[in-house]
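**Q** Numbers given in this note's numbering equal positions in the sequence shown, counted from 1, plus 51. Cβ atoms here follow ideal geometry from the backbone N, Cα and C, with glycine treated the same way. Nothing here was measured: the structure is a model prediction, and the numbers come from that model.
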Amino acid sequence: MSTKTLPNGKTVETYPLTQAQRFMLFVGKQFGKDAPVFNIGSGYYWKDDFRADLLKEALEEAIERCDVMKLRFTLENVNGNMQVMQYLNDEAEVKVEEYDFSDMSYDESYEIMKGWTKQLIPMFDCPLNTVRVIRLNDGLNGMYLKFQHLAFDGYAAKAFIADTMAIYLNKKCGTPYPKPLRSYYDAMMDEFAYLDSDQRKADRAYWMQHFSTESEPIFNDYLREGNRLKKARETNPGQRFVSLYEGDHPESRTLMYEVSKEDSDLIMDLCKKNDLSIPCVLMLGLRTALSAFNDNQEDVSFKFMINRRGSLLAKKSYGNRWHFYTLRTIIPASLTFKQAIEEVEDVQSTVFKHCNFDTLEMYQVKHMAMKAGTIANTGTNTYDSMTFSYHAPLEVPCESEEIRATTRGIWYNNDYSAQNLYLTVKHRANDNGFEFIFEYRTCENSLEDLKVLYPKMMDAIMLGVKDPDMTIGEILEKIKL
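(1) Do you know offhand how far LYS324's Cα is from GLY190's?
(2) Have a look at TYR473, LEU106 and GLN137 and flag the residue whose alpha-carbon is nearest the alpha-carbon of GLU148.
(3) Where do the ends of the alpha helix (DSSP H) carrying TYR228 lie?
(4) With DSSP run on the structure shown, which of helix, strand or coil describes TYR434?
(5) Could I get the ranges of all uninterrupted beta strand (DSSP E) runs contained in the segment 434 to 484, with 3 residues as the minimum, in chain order?
(6) Could you tell me which residues DSSP pairs with TYR138 in its beta bridges?
(7) Anyone know if the C-beta pair for SER436 and SER303 falls short of 8 Å?
(8) Taking only three categories from DSSP, how would you classify PRO67?
(9) So, are the CB atoms of TYR66 and MET174 less than 8 Å apart?
(10) For LEU110 and CYS331, what's the separation of their Cα atoms in angstroms?
(11) Are the segment 360 to 367 and the segment 331 to 349 touching by the rule of at least three beta carbon pairs closer than 8 Å?
(12) Check the DSSP bridge columns for TYR505 and list the partner residues they point to.
(13) Could you pull out every residue in the same chain whose Cβ sits closer than 6 Å to the Cβ of ARG492, ignoring the five residues on either side in sequence?
(14) Nearest to THR457 by CA position, among LYS517, SER440, ASN481 and LEU445, is which residue?
(15) What is the DSSP secondary structure of LEU196, reduced to helix, strand or coil?
(16) Name the two residues that bound the continuous alpha helix (DSSP H) containing ASN358.
(17) Comparing alpha-carbon positions, which option in THR181, ASP510, TYR245 and ILE488 lies nearest GLU309?
(18) Does DSSP put PHE487 in a helix, a strand or coil?
(19) Within its chain, find whatever has a CB closer than 7 Å to the CB of ARG372; leave out the 5 residues flanking it on each side and keep chain order.
(20) Whole angstroms is fine: what's the gap from GLU242's alpha carbon to ASP409's?
(21) Where does HIS374 fall in DSSP's three states?
(22) Using the Cα positions of ASP214 and PRO229, report the straight-line distance between them to the nearest angstrom.
(23) Mind reading off the beta-carbon distance from CYS322 to PHE211? Whole number of angstroms is fine, and I expect it under 8 Å.
(24) Give, in chain order, every unbroken run of the alpha helix (DSSP H) that is at least 4 residues long and sits entirely within the segment 267 to 342.
(25) When burial is assigned at 16 or more other CB atoms within 10 Å of the CB, is ILE381 buried or exposed?
(26) Alpha carbon to alpha carbon, what distance is there between SER440 and GLN81?
(27) Count the other C-beta atoms from every protein chain shown that fall within 10 angstroms of the C-beta of MET307, then say buried if there are 16 or more, exposed otherwise.
(28) If we ignore side chains and look at the alpha-carbon of each, how far apart do LEU386 and HIS405 end up?
(29) Let me make sure I understand the geometry here. Which of ALA113, LEU57, SER53 and LEU171 has the alpha-carbon closest to that of GLY83?
(30) If I'm right that ALA340 touches LYS507 with Cβ under 8 Å, what's the distance once you round it to whole angstroms?
(31) Quick check: what's the CA-CA separation for VAL184 versus THR168?
(32) Counting C-beta neighbours from all protein chains within 10 Å, is the total for LEU504 16 or more, i.e. buried, or is it exposed?
(33) Look at the alpha carbon of LEU335 and the alpha carbon of PHE388, and state the distance between them as a whole number of angstroms.
(34) Is there a Cβ from chain D that is less than 8 Å from the Cβ of TYR138?
(35) Beta carbon of TYR369, beta carbon of ALA217: below 8 Å?
(36) Counting along the chain, where does the alpha helix (DSSP H) carrying TYR161 start and finish?
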């Protein structure tokens with residue numbers, strides 16, 4: 052830790068980045084070029100007797116309550132090296148602006164706000180986030196938010212929306228004012244304390260032992276005609292990994308699919324009745340589809356993102372708490388769908404026990420521990436073809452169920468990605484149904500293959516949901532290409 056003098060003459064303490072921030076900065080700079088890969092653009096809209104003045108007041112109060120809005124990054128010379136540090140400014144200095152798009156089509160206004168999302172956020176010694184009151188056509192109104200990903204992750208963005216709406220309804224309807232938030236500073240100190248803890252030593256020992264004893268994984272591609280492992284094996288028949296991120300082209304697009312309310316409820320009802328994990332059901336569907344794309348391979352790996360918010364402090368303090376891990380499952384065709392879910396849950400639970408361990412340090416541990424001839428996922432070579440994340444529902448306060456049915460939560464893609472393929476599954480604001488959002492780098496992916504991956508994944512899920520005793524082998528037979 053060191054100090055910095057602000058323009059007003061006040062001295063503040065500066066701190067290193069947390070583990071999650073360090074990894075996100077590394078990935079963005081390594082694979083994102085100078086593109087706006089750190090921008091999160093989202094909107095939340097609804098139909099009611101809208102009070103723009105009250106929403107603006109609510110946003111201003113939500114900003115004041117959220118000390119991450121005061122977060123700044125700066126460059127410092129640390130032992131002869133320029134290093135990104137962070138500090139909390141005196142004020143948020145985030146001005147809430149109002150925009151009226153009610154006289155244009157929804158698609159036109161969407162493109163304008165998507166354009167906002169693509170604008171680079173200045174990195175150092177300045178406000179990082181944009182907050183705006185928006186009027187749309189057809190009676191939809193609400194807010195547009197652009198957050199810097201080192202300060203907010205997806206969970207934090209939803210939490211800010213929920214806090215704002217609770218304040219708005221207090222002003223408009225007299226509902227209870229939301230409880231105070233937790234301190235980002237305290238959460239940051241908690242992260243730093245872990246670095247010197249016995250738990251970190253235990254986590255490191257676990258991962259060292261894990262990587263030194265496991266067999267070599269194998270890459271499972273979602274490309275069919277251009278299967279990259281088969282291509283690599285033309286010159287090296289025994290190879291089990293591939294090289295992704297070819298070239299320096301982070302341009303991306305998204306494909307979004309909506310699961311019906313009825314099918315979404317079937318999935319969630321199965322999980323509730325059998326005490327099963329929703330993301331594990333979804334991940335089983337994904338790994339089964341990847342298996343089908345790769346000659347029914349039993350050994351399937353992909354990266355998944357863990358939002359480490361197990362404590363009240365972590366849940367209520369915003370910030371970025373994502374870590375990336377490999378989810379590797381070896382599932383024989385004889386297992387039933389329900390047994391396979393339990394296998395995925397076992398793997399996930401083991402990772403959860405050690406999920407505070409720094410992703411970048413984990414790469415170092417892999418490099419030291421894995422057997423000769425394997426690779427450690429530290430560069431472009433990888434065993435993981437894609438990344439998966441699940442955004443659990445976080446209820447946003449609403450004036451009535453009738454108004455809730457009109458709500459729309461929007462993700463404005465910035466058209467750049469540091470990952471070659473990233474699947475986010477989240478819940479719709481209006482009916483809690485699933486949305487599958489595939490963000491893909493255009494230079495490395497076949498749109499035709501991606502349009503096959505989703506239906507195969509959903510077919511695998513729904514076959515198992517309707518008959519949990521169906522074996523994985525039977526499901527693979529029904530979804531075969």
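**A** Checking against the coordinates, here is how it stands:
(1) Going by the C-alpha atoms only, they are around 39 Å apart.
(2) LEU106
(3) It is not in any alpha helix (DSSP H) - TYR228 carries neither H nor E in the DSSP assignment.
(4) coil
(5) 438 to 441, 459 to 463 and 472 to 478
(6) ARG123
(7) It is not a contact, given that the beta carbons lie outside the stated cut-off.
(8) strand
(9) no
(10) Their backbone Cα atoms lie some 35 Å apart in a straight line.
(11) no
(12) DSSP output for TYR505 lists no bridge partner at all.
(13) In its chain, beyond the 5 residues on either side, SER303, SER468 and ASN471 have a beta carbon closer than 6 Å to the beta carbon of ARG492.
(14) When only C-alpha atoms are compared, the closest one is ASN481.
(15) Three-state DSSP puts LEU196 in a strand.
(16) Careful: ASN358 lies outside any alpha helix (DSSP H), inside the beta strand (DSSP E) at 350 to 358.
(17) ILE488
(18) strand
(19) ALA71, ASP204, ASN358, ARG359, ARG360 and ALA365
(20) 10 Å
(21) HIS374 falls in the strand class under three-state DSSP.
(22) 7 Å
(23) Between PHE211 and CYS322 the Cβ distance is about 28 Å, and since that is not below 8 Å, they are no contact.
(24) 279 to 283 and 312 to 325
(25) exposed
(26) Each residue's Cα considered, the two are about 21 Å apart.
(27) exposed
(28) 27 Å
(29) For GLY83, the nearest C-alpha among the options comes from LEU171.
(30) 4 Å
(31) 15 Å
(32) Buried, because 16 or more other Cβ atoms sit within 10 Å of the Cβ of LEU504.
(33) Between LEU335 and PHE388, the C-alpha separation is close to 9 Å.
(34) Absent from the structure: chain D. Only one protein chain is present.
(35) Contact flag unset, no.
(36) 157 to 169
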